[in-house]
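Respectively, the protein sequence lines represent chains A and B. full-length UniProt numbering puts the first residue of the first sequence at 1, with every later residue one more than the last. full-length UniProt numbering puts the first residue of the second sequence at 1, with every later residue one more than the last. Report on one structure; see the data block that follows.
Protein chains: 2
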Amino acid sequence: MALTVVGSVAFDSVRTPFGERERMLGGSATHFSLAASFFCEVNLVGVVGEDFDERYERQLTERGIDTQDLQRIAGGKTFFWRGHYDFALNTAHTDTTELNVFADFDPQLGERSRNAEIVFLANIQPQLQRRVRAQCRRARLAALDSMNLWIDSEREELLRAISEVDVVFMNDAELRMLTRQPNLVRAARELMARGPRAVVAKLGEYGASLYTPEGFFSLPAYPLESVVDPTGAGDSFAGGFLGYLAGLGEADIDESVLRRAMTYGSVMASFNVERFGCERVLELTRAEIDERFEEFRRMTAIEALPAGERA
Amino acid sequence: MALTVVGSVAFDSVRTPFGERERMLGGSATHFSLAASFFCEVNLVGVVGEDFDERYERQLTERGIDTQDLQRIAGGKTFFWRGHYDFALNTAHTDTTELNVFADFDPQLGERSRNAEIVFLANIQPQLQRRVRAQCRRARLAALDSMNLWIDSEREELLRAISEVDVVFMNDAELRMLTRQPNLVRAARELMARGPRAVVAKLGEYGASLYTPEGFFSLPAYPLESVVDPTGAGDSFAGGFLGYLAGLGEADIDESVLRRAMTYGSVMASFNVERFGCERVLELTRAEIDERFEEFRRMTAIEALPAGERA
């Protein structure tokens, strides 16, 4: 099955205690697409400027990503973000944001993008998310991400967008902020009452939790000794999660499938942060991904009590 | 096997968004002992004042806890703590601390306490922890907890105490502060290089992680809709963890045993926070404990990929 993502494509300049990079390929739709590309066909809906040359585009197309709906604005400049992370690496500090062509982004979906079975509305204005969602009439599963900016400025519209998707990806602080509910179990339940069948709480260095009406599942982050650049970890997570589901075809998406999707999400996020920007994911193999999937399974397994041990 | 714990026995007055309680039975050694008492014999080494009447003591002895080494200081007053939690329940705000008889605590271990096979040095002055550790010559496993106060004021002595135990329990902020290392994998490795064979990072609402030379294991906190009072959760965790190990007898403590200990720790912590102080643990049954243990196993299980699914 195919997957469509709408979101930002950007140039990122990032400094961390481990070094720095200038104008790397970045943006939510980029990180998402690259992660998902290991599992399924991906259509990327976004916008870039004239400065987005072939070298950048090739990084997407060489992974098989369909960039037909990546608009190029003549005379325009691509979204640019400059940021840095301090020693603890848990907070991105923004130094510069230049929205450029992204400020007037009006997603245009060709037939292939519209017909995808799974659609991911990355962190953009809720109005745009809803417009894209409405165009993907054949989607059997839609998901979105968002951020504090939209919770602050467009809460009602964001809640409408949420009522129109199946899976919500947000970090724990955003879930609390949106629902005004400090308890995450309750926050997730409140959102599910509006329509979604699953809420994924992204917990940064603590991993991610899955809330469904049937249950709860949580995975730690992969224990890395060096996190080099956390930029894009959340979108890589969503890319692994939804990419895996799209790759399954028509199979039922039950609880155990969702748990494996969580695991592939965690795997892709863990690779993403090992190097700057998309560097690690661009050289990744499916064998490495499946190996780390098995490591996650071993890492979290609790054996039953031996017979007779119980008091 | 028997377990000895040295630590505080206190009166706690606590206010949370769910209500308040005056002068409940509290303290680190109390929460620890009650949790461990479901699994093994427990000797409690501590100190109380004349105001610690029979009603309080009975809460310990009725769970089979040996209070022979709980000193009573004539004319003295028991350690008193008053605190509150705000809406998010993740930070304890101290309103009053009256150390009283705990200020001059000089642990006295009778023969039974000294001969225990497992010893837990709860959060007290590192000098006292070392003195108790030295007296427990037969202990096959010793563990300690600590806090920012001792990391600040007695870092070197605390590192010496750590070099003399097998398991370290600390929260993630304390591990970072002690090792001056923001990455927890590295922080744990640095501590293990000093002697301990395991480091348990307590992550509050995110659960707990186990670091050993062989591997990494992490468990989420039990997803409760209402956390009523988090006081004592960390000590209940250590009580479930070490109590389970003591209850095993002479069995080898390998990686899968440690993971089950983590799970029993998480189970006991989750019950502890469901009501004020020790209220929930005091009415708990072993059947409820084992049921939640199984829930944790189900909650974290990832099924293997179905045959042929891999790309």
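We put the beta carbon where it would ideally sit given N, CA and C, even for glycine.
In this structure, DSSP gives Y222 of chain B a state outside helix and strand, which the three-state scheme calls coil. The count of Cβ pairs closer than 8 angstroms, one atom from the region 32 to 39 of chain B and one from the region 241 to 254 of chain B, reaches three, so the stretches are in contact. Shown here, A269 of chain A sits in a helix according to DSSP, grouped into three states. Cα atoms of K77 of chain A and R15 of chain A: separation of roughly 22 angstroms, rounded to the nearest angstrom. N43 of chain A: member of the beta strand (DSSP E) spanning 41 to 49, first to last residue. The C-beta of R176 of chain A has 16 or more other C-beta atoms within 10 Å across all chains shown, which makes the residue buried. Rounded to whole angstroms, H93 of chain A and A36 of chain A show a C-alpha spacing of 27 angstroms. With contacts defined by Cβ atoms closer than 8 angstroms, R138 of chain B and E164 of chain B do not form a contacting pair. Non-local beta-carbon contacts of Y56 of chain B in its own chain, meaning distances under 6 angstroms to residues more than five positions away in sequence, involve L25 in chain order. Using a Cβ distance threshold of 8 angstroms, G277 of chain B and I124 of chain B do not count as a contacting pair.
Within chain B, the residues placing a beta-carbon under 8 angstroms from that of V185 of chain A are P223, L224, E225, ordered along the chain. Taking the CA atoms as reference points, A269 of chain B sits about 11 angstroms from E205 of chain B. When the Cα atoms are used, Q59 of chain A and A188 of chain B turn out to be separated by approximately 38 angstroms. Against chain A, the CB of L191 of chain B has no partner CB under 8 angstroms away; the residue lies outside that interface. Approximately 6 angstroms separates the beta-carbon atoms of L191 of chain B and I162 of chain B; this is inside 8 angstroms, confirming the contact. The beta-bridge partner set that DSSP reports for K202 of chain B consists of B:N171, B:A208.
Listed along chain A, the residues sitting closer than 8 angstroms to F296 of chain B by beta-carbon distance are I302. In the assembly as shown, F296 of chain A is a buried residue. Its beta-carbon has 16 or more other beta-carbons within 10 Å. Counting only Cβ-Cβ distances below 8 angstroms, L175 of chain B has no contacts in chain A at all, with the closest Cβ about 13 angstroms away.
Less than 8 angstroms separates the beta-carbon of G265 of chain A from that of A208 of chain A. Within chain A, the residues whose beta carbon sits less than 8 angstroms from that of R260 of chain B are I302, E303, L305, listed in sequence order.
Restricting attention to A:A116, A:D12, A:D104, A:Q108, the CA atom closest to the CA of G249 of chain A is found in A:A116. Under a criterion of Cβ atoms nearer than 9 angstroms, no residue of chain A is adjacent to M147 of chain B; the nearest Cβ is some 20 angstroms distant. Beta-carbon to beta-carbon, G49 of chain B and I65 of chain B are separated by about 19 angstroms, too far to satisfy the 8 angstroms threshold. CA-CA distance, G234 of chain A to V200 of chain A, rounds to 11 angstroms. In the DSSP assignment, L25 of chain B falls within the unbroken beta strand (DSSP E) covering 19 to 26. Assignment of F79 of chain B by DSSP, reduced to helix, strand and coil, places it in the strand class. Within the DSSP secondary-structure output, F38 of chain A pairs in no beta bridge. Apart from the 5 residues on each side of it in sequence, R186 of chain A has no Cβ closer than 7 angstroms to any other Cβ in its chain. Only exposed fits A251 of chain B, as fewer than 16 other CB atoms lie within 10 angstroms of its CB. An exposed status is given to A307 of chain B, since fewer than 16 other beta-carbon atoms sit within 10 Å of its beta-carbon. Within the same chain, and ignoring the five residues on either side of A142 of chain B in sequence, the residues whose Cβ sits closer than 6 angstroms to its Cβ are V119, R133, V165, D166. Interface with chain A (8 angstroms Cβ-Cβ cutoff): T30 of chain B is excluded.
Annotation: V257 of chain B to T212 of chain B spans about 12 angstroms, alpha carbon to alpha carbon.
In this structure, the beta-carbon distance from D145 of chain B to A122 of chain B falls below 8 angstroms. Flagged as an interface residue toward chain A: M299 of chain B, by a C-beta distance shorter than 8 angstroms.
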